[in-house]
Amino acid sequence: MEVVFDRPRSLTSVGTHYCPGCGHGIIHRLVAEVIDEFNIREKTVVVAPVGCAVLLYNYLNLDSYEAAHGRAPAIATGCKRVHPETVVFTYQGDGDLAAIGTAEIVHAATRGEKITTIFVNNAIYGMTAGQMAPTTLIGQKTTTTPNGRTPEKAGYPIRVCEMLAPLEGARYIARVSVSSPKNVIQAKKAIKKAFEMQIKGLGFSLVEVLSQCPTNWHMTPVESVKWVDDAMASYFPLGEFKVPKEG
Amino acid sequence: MSDKRFMAGNEAIAEAAIRAGCRYYFGYPITPQNEIGEYMSWRLFEVGGTFLQAESELAAIYMVFGAAGAGARVMTSSSSPGISLMQEGISYIAAAELPCVIVNMMRCGPGLGGIQPSQSDYFQATKGGGHGDYHLLVLAPSTGQEAANLAMLAFDLADKYRNPVMILGDGWIGQMMEPVEFKPPEKPLTAIRKDWALTGTLGRPRNLIKTLFLDPVVLEKRNFANAAKLREAVKNEVRFESYLTEDAAVVITAYGTVARIAKTAIKILREKGLKVGLLRPISLYPFPYEAFAQMAERVKNFLVVEMSMGQMIEDVRLAICGKSEVHFYNRVGGMVPSFDEIVAQVERIAKEAR
Amino acid sequence: MGKIEISEEFCKGCTLCINVCPLKLIRAAAHVSKNGYHPAEFCDTQDKCSGCTLCALICPDAAITVYREKKTSVKTK
């Protein structure tokens, strides 16, 4: 029998600290697979966020920056402008990108900065143990919305893809999930397309990945992937929001 | 070949940076230093570099972080409130041991303040500003020529110590037009090597630019190592000017624009028969503590003149350690002391000393 | 036709693979691994596994290696 599925080369052999069932592990693996398939590991630089994925550089065998909270797109810009031939990507959570880092991601997108962003949306702040995120759903209970988020007190969840897609500098914007093998396959296609944008020098690309957080949602992993499908995907629809025009 | 021009201090700093091999500038507009970014916006293009006006000072300092981590000679510039915004990033840059040059053309504050000059960011520049144990190397020019010289030196020091270096000026130095001569850099730019930089892992194990060290044993070691590095800088990079101090009974202490005004006051005072000199720190970090301590053996009256409510004076007092009187004269809010005022202060001190 | 290997070094016993296997060939092991989890365990006594890779696709820890028999027949497209 031959091997048809194995750990990608660009993943290190360090076991991750992520909780059992966490989406980060799947997403890291998909990014590593795409980097392997394009054979770009030796010319890729990643900018790690502040959040659960702050230690992602322990798991991806790449030249890596550790960014300050929210500033990854600015750091990526600095690096990409110095080394335009490298593939520079940021990997950010919902606090990093949609709270403190909102200005940085909007401006990287509108500048058409030739970087790629993997945006992991789990509707909560994981690393700091469960506070509301900008993407927390109405009615969702968190440690700072103990009775469920209400628009009157805490506003509405932010849809990042829909917000960035109208910007002219944004070339490829898509939302996917990793809640099932079928969705994982679609997620990988989108991530591959996003990296391809950069390799071809076409402009800014972002893939938002709906991701499960069993621990802070107080669910089992199996329950949590169901919640992504049932609750998250209806507010955050999956699909491509911006694709480059043909020709 | 050297090259003499008539230009504003802001522009002189920008041109000097280019001569020193700076090819990346990220900044945000703020008075009174906009000429630096504006100059860079066309000059960098001429030398194949990159200028980017960031969306905020916050973003700008992290673009500097990114470019510095990628191995480039890179700078930013701002003025007091913008420098405040950059403090987090500066702490990160120092923690990651990245070289870069940051120019602060001070304006009066606090808060939005005014656009006239001041020296009220001395504490912020020399004592920290950002969180954690680190120091910037801080250089304070007094003239447009010195601004150009120190800007070139700043890039060398930044690379030598893998530490951010600040040029601390004020709006007057930035705006005044003076003749400036540019000399070629001391070392060829091609000689700069940065094996730690992020360039893609081809042919080597990967590099990491990080500042998070959750193990206290490791982080303590890093802090001690960083301090040892700064001690080397303290040993080697003290710079000051001693002007007519050999026979002085009163020594004025000032830096930047104020020092220049003080020299005019000294000329007038000497014509009146008073023996006055100037001890001018050029490096504010490392501060020339030794120079003051030695001078205090003989000189019994120092007059510190600052455009602040008293910041550098604390380092002067620390150096002198009670051996001599330390007097203070200041103007703030954008007011600049005139040479008349300084003359009057010295005359008063000299009279009281008799 | 197919088989999988689940690495106890990486498996965190999240059970996503167990949930996803269409032939129910994976179960939680009774023992506890050195990482403190009940790791997933492949149990295919009747050689039913088709090597579909659904388990490996969903695994957050890249703990699963999937093997499949090479197709020896030549098909024209």
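Residue numbers (this note's numbering), protein chains in the order written: chain B, -11 to 235; chain P, 15 to 368; chain U, 235 to 311.
Idealized CB from N, CA, C, for every residue including glycine.
* Quick one, which residues of the segment 103 to 114 of chain B are near chain U if we go by CB-CB under 7 Å, in chain order? -> none
* **Other residues of its chain near ALA30(P): CB distance less than 7 Å, five sequence neighbours each side excluded** => Translated into the one-based positions of the second sequence, residue 30(P) becomes position 16. Counting only Cβ-Cβ distances below 7 Å, and skipping sequence neighbours, we find ALA162, ALA165, MET166 and PHE196.
* the segment 155 to 171 of chain B touching the segment 271 to 280 of chain U, judged by at least three CB pairs closer than 8 Å -> Cβ pair count under 8 Å is below three, so no.
* To do: Would you mind sorting VAL213(B) into buried or exposed? The rule is 16 or more other CB atoms within 10 Å of its CB.
  => The count along the first sequence starts at 1 and reaches residue 213(B) at position 225. Taking a 10 Å sphere around the C-beta of VAL213(B), we find 16 or more other C-beta atoms and assign the residue as buried.
* Using Cβ-Cβ distances below 9 Å, what residues of the segment 279 to 294 of chain U are close to chain B? -> GLY285, CYS286, THR287, LEU288, CYS289, ALA290, LEU291, ILE292, CYS293 and PRO294
* Within 7 Å (strictly less), CB to CB, does PHE244(U) reach chain B? -> Reading the third sequence from its first residue, position 10 is the one you call residue 244(U). PHE244(U) counts as touching chain B.
* Asked: Does any residue of chain U bring its CB to less than 7 Å from the CB of ASP(-6)(B)?
  -> Counted from its first residue, the first sequence places residue -6(B) at position 6. Yes, its Cβ sits closer than 7 Å to a Cβ of chain U.
* Of the listed residues VAL94(B), THR104(B), THR133(B) and GLY100(B), nearest to ILE112(B) (C-alpha basis) -> Locating residue 112(B) in the first sequence gives position 124, counting from the first residue. Selected option, being the one with the closest Cα: THR133(B).
* Asked: With 7 Å set as the bound, which would you pick, yes or no: does the beta-carbon of TYR53(B) sit closer than that to a beta-carbon of chain P?
  -> Here residue 53(B) corresponds to residue number 65 of the first sequence, with the count starting at 1. Cβ-Cβ to chain P under 7 Å: yes for TYR53(B).
* Got a sec: is the Cβ-Cβ distance from ALA91(B) to anything in chain P below 7 Å? -> The residue you call residue 91(B) lines up with position 103 of the first sequence. Chain P, which has a Cβ nearer than 7 Å to the Cβ of ALA91(B), makes this yes.
* Proximity test, Cβ basis, 7 Å: VAL38(B) and chain U -> Mapped onto the first sequence, residue 38(B) falls at position 50. Closer than 7 Å: no.
* What do you get for SER322(P), buried or exposed, if any count of 16 or more other CB atoms within 10 angstroms of its CB means buried? -> By 1-based counting over the second sequence, the position of residue 322(P) is 308. With 16 or more other Cβ atoms within 10 Å, it is buried.
* Asked: What are the boundary residues of the beta strand (DSSP E) that LYS18(P) is part of?
  -> Here the question's residue 18(P) lines up with position 4 in the second sequence. Where LYS18(P) is concerned, the enclosing beta strand (DSSP E) stretches over 17 to 22.
* Applying the criterion that 16 or more other CB atoms from any shown protein chain within 10 Å of the CB defines a buried residue, is PRO209(B) buried or exposed? -> As a working mapping, residue 209(B) is identified with position 221 in the first sequence. Buried.
* Segment contact flag, the segment 250 to 265 of chain P with the segment 304 to 323 of chain P, C-beta cutoff 8 Å, min 3 pairs -> yes
* Would a check of beta-carbon distances place VAL266(U) closer than 7 Å to chain B? -> The count along the third sequence starts at 1 and reaches residue 266(U) at position 32. Taking Cβ atoms only, chain B never reaches closer than 7 Å to VAL266(U), which makes this a no.
* Asked: Who are the neighbours of LEU(-1)(B) on chain U, taking C-beta pairs under 9 Å?
  -> The residue you call residue -1(B) lines up with position 11 of the first sequence. The contacting residues are ALA296.
* What residues in the segment 210 to 232 of chain P bring their beta carbon closer than 7 Å to a beta carbon of chain B? -> LEU212, THR213, GLY214, THR215, LEU216, ARG220, ASN221, LEU222, ILE223, LYS224, THR225 and LEU226
* Kindly provide the ranges of any alpha helix (DSSP H) runs that are 4 or more residues long and lie completely inside the segment 43 to 79 of chain B, ordered along the chain. => 60 to 70
* To do: Can you check DSSP and say which residues form a bridge with SER165(B)?
  => Stepping through the first sequence from its first residue, residue 165(B) is reached at position 177. Paired residues: LEU198(B).
* To do: Would you please verify whether the beta carbon of LEU85(B) is less than 7 Å from any beta carbon of chain P?
  => For the purposes of this step, residue 85(B) is taken as the residue at position 97 of the first sequence. With 7 Å as the cut-off, LEU85(B) does not count as an interface residue toward chain P.
* GLY287(P): buried (16+ other C-beta within 10 angstroms of its C-beta) or exposed? -> Taking the first residue of the second sequence as position 1, residue 287(P) is located at position 273. Under this definition GLY287(P) is an exposed residue.
* ALA305(P), enclosing alpha helix (DSSP H) - first and last residue -> Taking the second sequence and counting its residues from 1, the one referred to as residue 305(P) is at position 291. Here the alpha helix (DSSP H) through ALA305(P) covers 303 to 309.
* Quick one: is THR130(B) buried, meaning 16 or more other Cβ sit within 10 Å of its Cβ, or exposed? -> Within the first sequence, the letter at position 142 stands for residue 130(B). By the 10 Å Cβ count, THR130(B) comes out buried.
* Can you tell me the Cα-Cα spacing of ALA20(B) and ARG147(B), whole angstroms? -> Numbered from 1 along the first sequence, position 32 holds the residue referred to as residue 20(B). Numbered from 1 along the first sequence, position 159 holds the residue referred to as residue 147(B). One C-alpha to the other measures close to 26 Å.
* State the DSSP-derived secondary structure class of LEU152(B), mapped to helix, strand or coil. => Translated into the one-based positions of the first sequence, residue 152(B) becomes position 164. Helix at LEU152(B).
* Asked: Nearest to MET220(B) by CA position, among VAL166(B), ALA87(B) and ASP51(B), is which residue?
  -> Indexing the first sequence from 1 puts residue 220(B) at position 232. When each option's Cα is compared against that of MET220(B), the closest is VAL166(B).
* Asked: Taking C-alpha atoms, which residue in LEU18(B), ALA162(B) and SER168(B) lies nearest to PRO225(B)?
  -> On the first sequence, position 237 is the one that residue 225(B) refers to. Checking every option, the nearest Cα to that of PRO225(B) belongs to ALA162(B).
* When the Cα atoms are used, what is the spatial distance from PHE26(B) to GLY143(P)? -> Residue 26(B) sits at position 38 when you count from the first residue of the first sequence. Residue 143(P) sits at position 129 when you count from the first residue of the second sequence. PHE26(B) and GLY143(P): Cα-Cα distance of roughly 44 Å.
* Any idea if GLY235(B) is buried or exposed, counting beta-carbon neighbours within 10 angstroms, 16 or more meaning buried? -> Position 247 of the first sequence, counted from the first residue, corresponds to residue 235(B). Note that GLY235(B) has pLDDT 47, beneath the 50 cutoff, so the model's placement of it is unreliable and no number is given.
* Taking MET120(P) as the reference, which of PHE137(P), ALA110(P) and ILE107(P) has the closest Cα? -> Here residue 120(P) is taken as the residue at index 106 of the second sequence, counted from 1. Considering only alpha carbons, the answer is PHE137(P).
* Asked: So is PHE183(B) buried or exposed if we call it buried at 16+ other beta carbons inside 10 Å?
  -> Numbered from 1 along the first sequence, position 195 holds the residue referred to as residue 183(B). When all chains shown are included, PHE183(B) counts as buried.
* My understanding is that SER93(P) touches THR45(P), with C-beta atoms under 8 Å, so please give their C-beta distance in whole angstroms. => By one-based count along the second sequence, residue 93(P) stands at place 79. By one-based count along the second sequence, residue 45(P) stands at place 31. About 7 Å; that satisfies the 8 Å criterion.
* Asked: In angstroms, rounded to a whole number, what distance separates the CA positions of LEU216(P) and LEU66(P)?
  -> In the second sequence, the residue the question calls residue 216(P) occupies position 202. In the second sequence, the residue the question calls residue 66(P) occupies position 52. Each residue's alpha carbon lies about 28 Å from the other.
* Asked: When you compare only the Cα positions, how much space is there between HIS5(B) and PHE40(P)?
  -> Counting from 1 along the first sequence, the entry for residue 5(B) is found at position 17. Counting from 1 along the second sequence, the entry for residue 40(P) is found at position 26. Roughly 36 Å separates the two Cα atoms.
* Asked: Counting pairs of Cβ atoms below 8 Å between the segment 207 to 216 of chain P and the segment 71 to 79 of chain B, do you hit three or more?
  -> yes
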